[in-house]
Amino acid sequence: MTQILQPKEFEKAIKIIKQGGLVAFPTETVYGLGADARNQEALDKIFAVKKRSLNNPLHLNISDVNLVNEFVEKIPATVQKVMDIFWPGPLTIILPLKKGTLPDIITGSLSAVGFRMPQNEIALALIRSVGIMVGPSANISGNFSPTRVEHVLADLDGKIDAVLDDGESLGGIESTILDVSTFTQPKILRSGAITREMLEEFFPNLQVIKNKKHYMPNVSIIIINSQKQDWSDAIAWAKRKRKRIGLLTDKKIIEKFANHVHATYVLTENNDINLAVKRLFAGLRKLDKIKQSLDVVFVQSFDGEGLTLAYRNCLLKAAGS
Ligand code: TXA
Ligand code: MG
58 MTQILQPKEF EKAIKIIKQG GLVAFPTETV YGLGADARNQ EALDKIFAVK
108 KRSLNNPLHL NISDVNLVNE FVEKIPATVQ KVMDIFWPGP LTIILPLKKG
158 TLPDIITGSL SAVGFRMPQN EIALALIRSV GIMVGPSANI SGNFSPTRVE
208 HVLADLDGKI DAVLDDGESL GGIESTILDV STFTQPKILR SGAITREMLE
258 EFFPNLQVIK NKKHYMPNVS IIIINSQKQD WSDAIAWAKR KRKRIGLLTD
308 KKIIEKFANH VHATYVLTEN NDINLAVKRL FAGLRKLDKI KQSLDVVFVQ
358 SFDGEGLTLA YRNCLLKAAG S
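All residue numbers for the sequence shown refer to the working numbering, where the first residue is 58 and numbers rise by one.
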C-alpha cells in the first residue's frame with residue numbers, strides 16, 4: 058500500500074526517502090517521484106517502477122543554486138543569470154557534467170546533467186533535507202504526467218512508499234528543458250511554461266527541438282483548431298463512421314454538443330489557455346480510459362506563441378504526430 062501523506066507530514070516523507078524509499082511529491086508543474094540521488098538501490102527502484110528505459114537520464118532536484126558547482130566545472134555567466142531569474146520555477150537546465158561526480162545510472166552515461174528547482178514549498182523543504190533528489194514525473198513511462206494524487210496512484214499504487222498530497226498541480230505540464238551542455242548551441246528540448254521568447258533574450262541563437270517521443274494514449278486523438286475547423290463537421294464525420302466520441306474542449310462547445318457524444322471533459326472556460334494547460338493531462342487521462350471505450354477524442358487547440366506553443370507540443374505528443 059502506498060501511504061497518502063498530508064503536507065504537514067512531510068517529515069515522514071523525508072525519513073522514507075533517507076531510508077531509500079520512493080515518495081511522490083508535488084511541484085508547480087506535475088507530481089514528481091522523489092528518491093535520494095546518492096542511493097543506488099533507490100535509483101534502481103525508480104527505473105523499475107516507472108518502467109523507464111535505462112538510457113533515459115534523470116535530472117537532479119536542488120534547493121540551492123550553489124550545489125550545481127559540485128557537478129559542473131564552470132557555469133557561464135549567462136546561464137547563472139538565467140538560474141537566478143527563473144529558479145525556483147519550471148525550467149530544467151542541462152549542463153556539462155564534471156567527470157566522476159555522479160553515477161552513470163543518473164545521467165544515462167551522458168556527459169551532461171540536468172538541474173531543476175521546483176517552485177513549491179513542500180518540494181523545496183523535501184529537497185533541502187535530502188540534499189540532492191532525483192524526481193522524474195510520477196507516472197509509468199509513456200503515460201501522461203500526473204497532476205493529481207489520484208493519477209499518481211492510478212500508475213504507481215502499491216509500488217511506491219508514499220505520496221505527498223498538495224492538491225491539483227498549478228501548472229499542469231512539465232518544465233521547459235533548456236540544454237546548454239554545448240554552450241555554442243543552446244536548445245529547448247521540451248517546451249513548458251518558460252517560453253522560447255523568455256529565453257531568447259539570453260540566448261539569441263536558441264534552437265527549439267521537435268520532440269519525437271510520444272505518449273501512448275488508448276484512443277485516437279484528433280486536434281481541432283476552432284479558428285480553422287468546424288466542430289459540427291468533425292462530430293458529424295465521427296458519427297457517420299459510428300465512432301464513440303469524447304470531447305475535451307471549452308465549456309461552451311461541450312454544452313452545444315454534449316448530446317451528440319459519449320464522454321466530455323471541460324478543458325477550459327472562455328478559451329483560457331492557462332486553464333487548458335492545467336487541465337490537459339487530467340482530461341486526456343480521463344478520456345483515455347479504456348473502460349470508456351471511446352474510439353476518438355477531439356481536443357481543442359489554440360493559435361499563438363509562448364504557453365500556447367507548449368500546450369500544442371504536448372497535444373501533438375499525445376496525438377502521436
Ligand atoms: O516538470 C518537470 O520537469 C517534472 C517535475 C516532476 O519536476 N519532471 C519531469 O521529469 O518531467 P522527467 O524525468 O519525467 O522528464 C525529464 C526529461 C526526461 O525526458 C529526460 O530525458 C530529460 O529530461 N533529461 C534529463 N537529464 C537529461 C540530460 N542530461 N540530457 C538530456 N535530457 C535529459
Ligand atoms: Mg516524465
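Every residue gets a Cβ at the ideal spot worked out from N, C-alpha and C, and that includes glycine.
Option nearest residue i by Cα separation, candidates the options
{"i": "N123", "options": "S277, D290, S226, F172", "result": "F172"}
{"i": "T321", "options": "R301, L332, N327", "result": "R301"}
{"i": "N118", "options": "N196, N126, G188", "result": "G188"}
{"i": "L79", "options": "I330, D214, K131, N200", "result": "D214"}
{"i": "V191", "options": "L235, N275, L263, L90", "result": "L90"}
{"i": "Y88", "options": "S110, F143, V220", "result": "V220"}
{"i": "K131", "options": "T84, V237, M174, M273", "result": "V237"}
{"i": "R185", "options": "F67, E312, N328, F338", "result": "F67"}
{"i": "L373", "options": "L210, P274, I310, K313", "result": "P274"}
{"i": "P193", "options": "K309, D287, K107, V276", "result": "K107"}
{"i": "I103", "options": "I162, S120, M140", "result": "I162"}
Secondary structure of residue i, DSSP reduced to three states
{"i": "D352", "result": "coil"}
{"i": "N126", "result": "helix"}
{"i": "P83", "result": "coil"}
{"i": "N331", "result": "helix"}
{"i": "V136", "result": "helix"}
{"i": "L40", "result": "Given that the chain is displayed from residue 58 to residue 378, the structure contains no residue 40 and the question cannot be resolved."}
{"i": "I266", "result": "coil"}
{"i": "G146", "result": "coil"}
{"i": "Y322", "result": "strand"}
Residue i and residue j closer than 9 Å at C-beta
{"i": "N112", "j": "G165", "result": "yes"}
{"i": "T239", "j": "L366", "result": "no"}
{"i": "K223", "j": "Q60", "result": "One detail in the question is off: residue 223 reads as Asp in this sequence, not Lys. No. Outside cutoff."}
{"i": "A169", "j": "I279", "result": "no"}
{"i": "T158", "j": "E207", "result": "no"}
{"i": "L235", "j": "L148", "result": "yes"}
> Considering only residues of the stretch 171-251, which uninterrupted beta strand (DSSP E) runs meet the minimum length of 3 residues and lie entirely inside it, listed in chain order?
Replying inline: 219-221, 233-236, 244-247
> What are the complete alpha helix (DSSP H) segments, minimum 4 residues, inside the stretch 287-320?
Replying inline: 288-297, 308-314
> Is the stretch 125-141 in contact with the stretch 259-272, if contact means three or more CB pairs nearer than 8 Å?
Replying inline: yes
>> I'd like to know if the stretch 177-193 and the stretch 312-320 are in contact, where contact means that at least 3 CB-CB pairs between them fall below 8 Å.
In response: no
>> Could you check whether the stretch 338-350 touches the stretch 360-367, counting it as contact only if at least three pairs of C-beta atoms, one from each stretch, sit closer than 8 Å?
In response: no
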